[in-house]
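In order, the protein sequence lines correspond to chains A and B.
Take 447 as the starting number for the first sequence in the working numbering and just add one per residue.
Take 447 as the starting number for the second sequence in the working numbering and just add one per residue.
So the structure is just underneath, and the comments pick up after that.
Protein chains: 2
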Amino acid sequence: MSVAHEQVAHEQQVLARIERVRRGSARLREQRVTMAHGAGGKATQTLVESVFLRRLGNPVLDRLEDAAELVAGGARLAFTTDSYVVSPLFFPGGNIGDLAVNGTVNDLAVQGATPMFLSAGFILEEGFAVEHLERIVASMAEAAAAAGVQVVTGDTKVVQRGGADGCYINTAGIGTMVPGVHLSIASVRPGDVVLVSGPVGEHGVTVMLARGELNIEADVTSDTAPLSGMVAALLRAVPGVRALRDATRGGVATVLNEIAKAADVSVVVDEVAVPVRPPVRGTAELLGIDPLYVACEGRMVAVVGPDDAQTALDTLRSHPGGEQAAIIGRVAADPPGLVLLNTVFGGTRIVDLLVGDPLPRIC
Amino acid sequence: MSVAHEQVAHEQQVLARIERVRRGSARLREQRVTMAHGAGGKATQTLVESVFLRRLGNPVLDRLEDAAELVAGGARLAFTTDSYVVSPLFFPGGNIGDLAVNGTVNDLAVQGATPMFLSAGFILEEGFAVEHLERIVASMAEAAAAAGVQVVTGDTKVVQRGGADGCYINTAGIGTMVPGVHLSIASVRPGDVVLVSGPVGEHGVTVMLARGELNIEADVTSDTAPLSGMVAALLRAVPGVRALRDATRGGVATVLNEIAKAADVSVVVDEVAVPVRPPVRGTAELLGIDPLYVACEGRMVAVVGPDDAQTALDTLRSHPGGEQAAIIGRVAADPPGLVLLNTVFGGTRIVDLLVGDPLPRIC
Chain A
447 MSVAHEQVAH
457 EQQVLARIER
467 VRRGSARLRE
477 QRVTMAHGAG
487 GKATQTLVES
497 VFLRRLGNPV
507 LDRLEDAAEL
517 VAGGARLAFT
527 TDSYVVSPLF
537 FPGGNIGDLA
547 VNGTVNDLAV
557 QGATPMFLSA
567 GFILEEGFAV
577 EHLERIVASM
587 AEAAAAAGVQ
597 VVTGDTKVVQ
607 RGGADGCYIN
617 TAGIGTMVPG
627 VHLSIASVRP
637 GDVVLVSGPV
647 GEHGVTVMLA
657 RGELNIEADV
667 TSDTAPLSGM
677 VAALLRAVPG
687 VRALRDATRG
697 GVATVLNEIA
707 KAADVSVVVD
717 EVAVPVRPPV
727 RGTAELLGID
737 PLYVACEGRM
747 VAVVGPDDAQ
757 TALDTLRSHP
767 GGEQAAIIGR
777 VAADPPGLVL
787 LNTVFGGTRI
797 VDLLVGDPLP
807 RIC
Chain B
447 MSVAHEQVAH
457 EQQVLARIER
467 VRRGSARLRE
477 QRVTMAHGAG
487 GKATQTLVES
497 VFLRRLGNPV
507 LDRLEDAAEL
517 VAGGARLAFT
527 TDSYVVSPLF
537 FPGGNIGDLA
547 VNGTVNDLAV
557 QGATPMFLSA
567 GFILEEGFAV
577 EHLERIVASM
587 AEAAAAAGVQ
597 VVTGDTKVVQ
607 RGGADGCYIN
617 TAGIGTMVPG
627 VHLSIASVRP
637 GDVVLVSGPV
647 GEHGVTVMLA
657 RGELNIEADV
667 TSDTAPLSGM
677 VAALLRAVPG
687 VRALRDATRG
697 GVATVLNEIA
707 KAADVSVVVD
717 EVAVPVRPPV
727 RGTAELLGID
737 PLYVACEGRM
747 VAVVGPDDAQ
757 TALDTLRSHP
767 GGEQAAIIGR
777 VAADPPGLVL
787 LNTVFGGTRI
797 VDLLVGDPLP
807 RIC
């Protein structure tokens with residue numbers, strides 16, 4: 447499958463804008479941090495490039511993988527961190543505690559590492575209920591046991607009332623790289639096949655609804671789960687997997703954009719092939735958002751060579767939690783750096799990086 | 447030097463109280479988190495034991511060292527984390543950025559590890575000035591270069607106005623254990639000698655004054671600095687160092703209490719030997735606090751065997767930043783678990799763990 451230039455000729459204006467942003471991407475125009483800077487989309491990318499990479503950049507950090515690959519003491523390791531500021535702290539299917547474990551476990555797993563050790567840093571607001579903290583920590587313990595990792599070091603800070611929204615958690619994680627495996631979104635090439643490991647958008651929609659600000663009821667729970675077992679099974683079945691990414695902030699759409707840009711390829715998605723559960727689709731429609739942009743916390747995007755596609759699909763589907771895995775698209779050469787969606791209506795449109803932040807504080 | 451039981455006979459009431467707290471230490475009485483739970487003293491210890499260790503405990507975490515010692519991929523590593531919530535973010539001598547690098551570097555160094563890699567997780571408040579973020583990140587870069595570490599992975603979250611006090615930073619760090627070195631506060635034994643690497647309390651007093659709420663002016667700057675170079679020099683000169691700890695939250699007094707309890711020994715400190723710069727002493731007196739409890743961010747406590755004491759002192763003093771290092775006390779067998787202070791007035795008193803929190807949000 448390939449996409450000819452003429453298919454996107456009418457998108458020249460959009461392309462031109464993207465090029466401008468790309469060229470000017472190392473300049474932050476805002477003087478104040480906005481919610482969009484934390485949303486995982488364009489603004490986050492600009493902030494990361496203009497502030498963090500400019501000052502702290504080095505060959506490992508510059509790669510901006512979900513986890514850094516290191517050699518320490520002769521061992522090949524992966525190292526990652528994430529802060530969790532989800533609001534509300536408790537939601538159907540999970541809470542900030544299991545989220546903080548699964549999120550970091552997943553960042554290690556999709557880098558091709560076996561997650562082993564976590565750190566946990568708590569920032570608690572004065573007055574936070576100890577009973578809630580107990581529930582959160584109990585969930586962390588269960589999630590750690592399920593993922594086969596140990597929390598080995600921690601820290602607790604307390605800030606005055608009004609200085610935090612109850613509880614923030616940072617986890618960092620160390621994993622050992624699976625021998626012989628080298629996953630990188632930059633290695634993706636035309637002809638490759640794109641899969642998702644399950645229905646998308648459940649976590650984000652669940653958290654949105656749990657805020658109770660919308661008058662919507664839907665039977666949806668977070669997909670928060672460790673991906674480490676599924677990744678291990680996939681790497682055994684398909685050692686040549688090109689790249690894996692968990693689809694968190696910014697959802698599947700953001701992951702695909704990162705792949706398209708890193709590998710300088712086009713990713714062409716068939717909208718009809720993307721698994722979305724009916725309550726998620728319905729809620730997303732009511733909210734005017736695209737499920738492709740909604741965060742998952744237990745789903746990943748996998749890119750494999752064309753000959754491995756069926757094996758990969760079968761492996762994902764036979765793993766618990768992967769029953770609804772699907773092939774959702776293919777990689778093409780042109781137009782490089784872009785994600786195209788063949789819509790259910792038969793059209794094609796560009797799936798761009800998010801500019802604003804439709805769903806803040808989702809993770 | 448030894449301390450006979452009779453010297454503390456008049457402290458029996460205090461001892462009895464301490465015993466009660468010790469026996470009941472795994473039960474949290476409060477239903478809400480208080481500032482004291484984040485102060486590094488007794489309340490923190492109770493929270494950690496009753497909530498975190500009870501649920502997440504394992505042989506590595508249970509040791510509660512400044513950094514966890516691990517084996518991953520055959521490599522002996524140290525792993526640690528700290529969140530930084532200092533207020534104000536900028537203070538004489540430093541800011542939250544270099545603090546976040548130095549603090550984690552130091553936790554690795556005092557564990558006997560060579561700091562190598564850091565993660566950085568930012569929680570930013572909507573509206574935070576990008577200019578301030580730039581200064582913070584620039585300071586992190588300078589501190590990382592000075593300590594010889596690389597920031598290799600990061601994360602940025604933004605919370606709504608009122609959801610954070612401008613900027614919180616979590617850093618986690620990985621170091622490689624120095625071969626042949628095994629530092630542990632539990633290995634401290636009677637007869638050992640206790641040193642500090644420089645004047646105490648400067649960071650805490652500086653931050654206190656920088657808040658501008660007190661009508662005190664004093665010529666004092668934070669001692670924030672990496673200890674990794676000094677630790678490396680000390681371990682070369684005295685490979686048999688028993689234990690090192692950086693004296694952060696709760697200051698030198700808290701470190702000495704942790705040593706006394708972990709090693710089941712008594713630590714006897716000569717107040718007159720503790721280096722305290724005059725403006726720090728004067729400010730602490732005005733505030734009614736003891737400099738021994740005030741956080742440093744570039745000072746450590748070292749415990750060495752009696753035959754190594756002079757070499758250790760000479761090594762510390764010949765290292766930049768260690769010119770005012772001093773022998774401040776000795777380890778005795780009795781009374782186990784307690785820190786005693788021979789005061790400048792000729793008396794002896796127990797230096798207990800802090801119960802409340804005289805200096806919140808110092809790091």
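Ideal Cβ placement from N, Cα and C applies to all residues, glycine included.
- Around the C-beta of S764/A, fewer than 16 other C-beta atoms lie within 10 Å, and the residue is accordingly described as exposed.
- Counting other Cβ atoms within 10 Å of its Cβ, P625/B stays below 16 and is therefore classed as exposed.
- Neighbourhood of T526/A in chain B, by CB distance below 9 Å: S565, T599 and D601, in chain order.
- Listed along chain A, the residues sitting closer than 7 Å to D611/B by beta-carbon distance are V605 and G609.
- A direct Cα-Cα distance of roughly 47 Å separates L510/A from I773/B.
- Across the structure, D512/B and E704/B are spaced so that their CA atoms are roughly 11 Å apart.
- With 16 or more other Cβ atoms inside 10 Å of its own Cβ, T602/A counts as buried.
- Proximity of H628/B to chain A, defined by a Cβ-Cβ separation below 9 Å, is not satisfied.
- Scanning Y614/B, F498/B and T794/B for the CA closest to the CA of F536/B turns up Y614/B.
- Scanning L759/B, P538/B, P766/B and L545/B for the CA closest to the CA of G775/B turns up L759/B.
- Contact with chain A is absent for P538/B, since none of that chain's Cβ atoms lies less than 9 Å from the residue's Cβ.
- Between the C-alpha atoms of D669/B and S585/B there is a straight-line separation of about 15 Å.
- Here V627/A has G558, L681, P685 and V687 as same chain residues with Cβ atoms under 8 Å from its own Cβ, once five neighbours each way along the sequence are excluded.
- Using a Cβ distance threshold of 9 Å, G696/B and G487/B count as a contacting pair.
- Three or more beta-carbon pairs separated by less than 8 Å link the stretch 515–526 of chain A to the stretch 616–623 of chain B, which places the two stretches in contact.
- Contact between the stretch 650–668 of chain A and the stretch 575–592 of chain A is absent: fewer than three C-beta pairs spanning the two stretches fall below 8 Å.
- Using a Cβ-Cβ cut-off of 9 Å, A632/A does not count as an interface residue toward chain B, since no Cβ of chain B sits closer than that to its own.
- Shown here, R473/A sits in coil according to DSSP, grouped into three states, outside any helix or strand.
- By the rule that beta-carbons nearer than 9 Å mark a contact, G520/A touches chain B.
- Contiguous beta strand (DSSP E) elements confined to the stretch 658–689 of chain B do not occur, taking only those with 3 or more residues.
- For R657/B, the number of other beta carbons within 10 angstroms of its own is below 16, and it is reported as exposed.
- Contact between P725/A and D665/A is confirmed by a C-beta separation of about 5 Å, below the 8 Å threshold.
- Runs of the alpha helix (DSSP H) lying entirely within the stretch 590–656 of chain A, each at least 4 residues long, are 648–656 in chain order.
- Close to V531/A, with beta-carbon spacing below 7 Å, are these residues of chain B in chain order: I569, K603 and V605.
- In the three-state reduction of the DSSP assignment, G484/B falls in the helix class, which pools H, G and I.
- For the set A755/A, S674/A and F563/A, the Cα lying nearest the Cα of L641/A is the one of A755/A.
- For T694/A, no chain B residue has a C-beta closer than 7 Å to its own C-beta; the minimum C-beta separation is roughly 10 Å.
- Under the 9 Å criterion on CB atoms, F791/A is classed as non-interfacial with respect to chain B.
- Looking at M676/B, T700/B and V494/B, the one whose alpha-carbon comes closest to that of G567/A is V494/B.
- Only buried fits E648/A, as 16 or more other CB atoms lie within 10 angstroms of its CB.
- Chain order gives the chain B residues near E572/A as V479, T480 and M481, where near means a beta carbon separation below 7 Å.
- Closest in alpha carbon position to T789/B, among R473/B, I662/B and D736/B, is D736/B.
- In terms of Cα proximity to V639/B, the closest of T560/B, M676/B, A587/B and A719/B is A719/B.
- Contacts with chain A at 9 Å (Cβ-Cβ) include V506/B.
- Minimum Cα-Cα distance from A546/A among the listed residues A485/A, D508/A, G744/A and G802/A corresponds to G744/A.
- Using a CB distance cut-off of 9 Å, G484/B counts as an interface residue toward chain A.
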